[in-house]
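Participant:
Numbering (this note's numbering), first residue to last: 7 to 258.
#1: What are the start and end residues of the alpha helix (DSSP H) that includes residue 67?
#2: Taking Cβ to Cβ, would you say residue 247 is nearer than 8 Å to residue 233?
#3: By DSSP, does residue 189 sit in helix, in strand, or in coil?
#4: Return helix, strand or coil for residue 254, following the three-state DSSP convention.
#5: Let me make sure I understand the geometry here. Which of 118, 99, 144 has the alpha-carbon closest to that of residue 161?
#6: Identify which residue in 123, 107, 135 has its Cα closest to the Cα of residue 142.
#7: Between which two residues does the beta strand (DSSP E) containing residue 145 stretch?
#8: Look at the alpha carbon of residue 44 and the alpha carbon of residue 78, and state the distance between them as a whole number of angstroms.
#9: In terms of residue numbering, what span does the alpha helix (DSSP H) encompassing residue 117 cover?
#10: Three-state secondary structure (DSSP) at residue 30?
#11: Taking 8 Å as the threshold, find out whether the region 99 to 117 comes into contact with the region 131 to 138 through three or more Cβ pairs.
#12: Can you tell me whether residue 99 is helix, strand or coil according to DSSP?
#13: Using DSSP with H/G/I as helix, E/B as strand and the rest coil, what is residue 92?
#14: Confirm, please, whether the CB-CB distance from residue 175 to residue 191 is below 8 Å.
#15: Closer than 7 Å by C-beta to residue 258: which residues in its own chain qualify, once you throw out the five before and the five after it? Chain order, please.
#16: What residue range does the beta strand (DSSP E) around residue 216 cover?
#17: In the region 214 to 248, which residue ranges form an unbroken beta strand (DSSP E) of at least 3 residues, counting only runs that do not cross its ends?
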């Protein structure tokens with residue numbers, strides 16, 4: 007089995023340079039554990055901080071009332087009215103068969119991004135490798151896959167002009183998020199960032215080696231709302247769905 011390691015590139019978030027923002031202004035906003043990178047038509051740091059604080063308040067209030075919400079690894083029952091961000095996380099976890107916190111990064115990226123869209127219709131929000139975007143044309147999002155020879159050499163071409171899209175990535179070899187597998191990267195494309203995030207986690211949990219790529223993809227493509235999947239293990243790659251890959255050139 008592959009050794010799961012931490013990555014300096016992930017810690018320093020240099021992978022953020024792999025998002026093609028088509029000339030948009032860039033800025034980063036940090037609130038406690040939340041660290042979001044933005045590309046927008048103008049610097050919206052103040053509005054972004056307000057949106058982050060709102061999302062965090064909903065999450066912190068819900069977790070205070072239901073502490074197990076933060077730790078469960080199984081789907082959470084949607085048995086009561088709840089804020090939209092909590093509802094999206096719960097629904098995504100149910101669809102993907104994981105706990106709601108598997109969707110938290112994607113959900114925050116999308117809800118903050120949607121709050122900023124009235125100020126900047128073109129917007130890209132990145133949260134720990136999970137991306138929500140609405141752009142005027144096609145954008146290229148590089149795939150960071152740790153020590154894989156494919157890392158930083160290929161990207162996903164995403165057209166988010168008609169409606170917002172999300173690209174979320176899970177890995178068993180890089181980063182700090184819990185993964186029960188050892189895929190170098192599992193990328194999921196969806197119109198819902200919460201669903202993409204939860205599904206990427208669920209697929210990655212099923213990948214213990216290159217021989218699991220097709221089986222994991224076969225699982226992921228059964229989830230309604232998933233538009234595309236990319237799985238990378240070492241030098242092997244598997245793809246499915248309405249996606250297009252482009253070469254980024256040599257790693258340097």
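Quick reminder that beta carbons are idealized off the backbone N, C-alpha and C, glycines included.
Facilitator: In short, the structure shows the following:
#1: Position 61 of the chain shown, counting from 1, holds the residue named residue 67. Note, residue 67: alpha helix (DSSP H), 51 to 71.
#2: Looking up residue 247 in the chain shown gives position 241. Looking up residue 233 in the chain shown gives position 227. Yes; because the gap between Cβ atoms is below 8 Å, this pair is in contact.
#3: Counting from 1 along the chain shown, the entry for residue 189 is found at position 183. The answer is coil: DSSP assigns residue 189 none of H, G, I, E or B.
#4: The residue you call residue 254 lines up with position 248 of the chain shown. Coil, per DSSP.
#5: On the chain shown, position 155 is the one that residue 161 refers to. Checked all of 118, 99, 144; the closest Cα to residue 161 is 144.
#6: The residue you call residue 142 lines up with position 136 of the chain shown. It is 123 whose Cα lies nearest to the Cα of residue 142.
#7: Sequence index remark: in the chain shown, residue 145 carries index 139 (1-based). Following the DSSP letters along the chain, one finds residue 145 inside the beta strand (DSSP E) bounded by residues 144 to 148.
#8: Here residue 44 is taken as the residue at index 38 of the chain shown, counted from 1. Here residue 78 is taken as the residue at index 72 of the chain shown, counted from 1. Going by the C-alpha atoms only, they are around 30 Å apart.
#9: To locate residue 117, count along the chain shown from 1; it is residue 111. That run of the alpha helix (DSSP H) goes 110 to 122.
#10: The count along the chain shown starts at 1 and reaches residue 30 at position 24. DSSP places residue 30 in coil when its eight states are reduced to three.
#11: With the rule of 3 Cβ pairs closer than 8 Å, the region 99 to 117 counts as touching the region 131 to 138.
#12: Here the question's residue 99 lines up with position 93 in the chain shown. Residue state, collapsed to three classes: helix.
#13: Residue numbering aside, residue 92 sits at position 86 when the chain shown is read from its first letter. Note: residue 92 maps to helix in three-state DSSP.
#14: Looking up residue 191 in the chain shown gives position 185. Looking up residue 175 in the chain shown gives position 169. Contact: yes.
#15: Here the question's residue 258 lines up with position 252 in the chain shown. Here the model assigns residue 258 a pLDDT of 46, short of 50, so the residue's position is not dependable and the matter cannot be decided.
#16: On the chain shown, residue 216 is found 210 positions in, with the first residue counted as 1. Careful: residue 216 lies outside any beta strand (DSSP E) and carries neither H nor E.
#17: 232 to 239, 242 to 247
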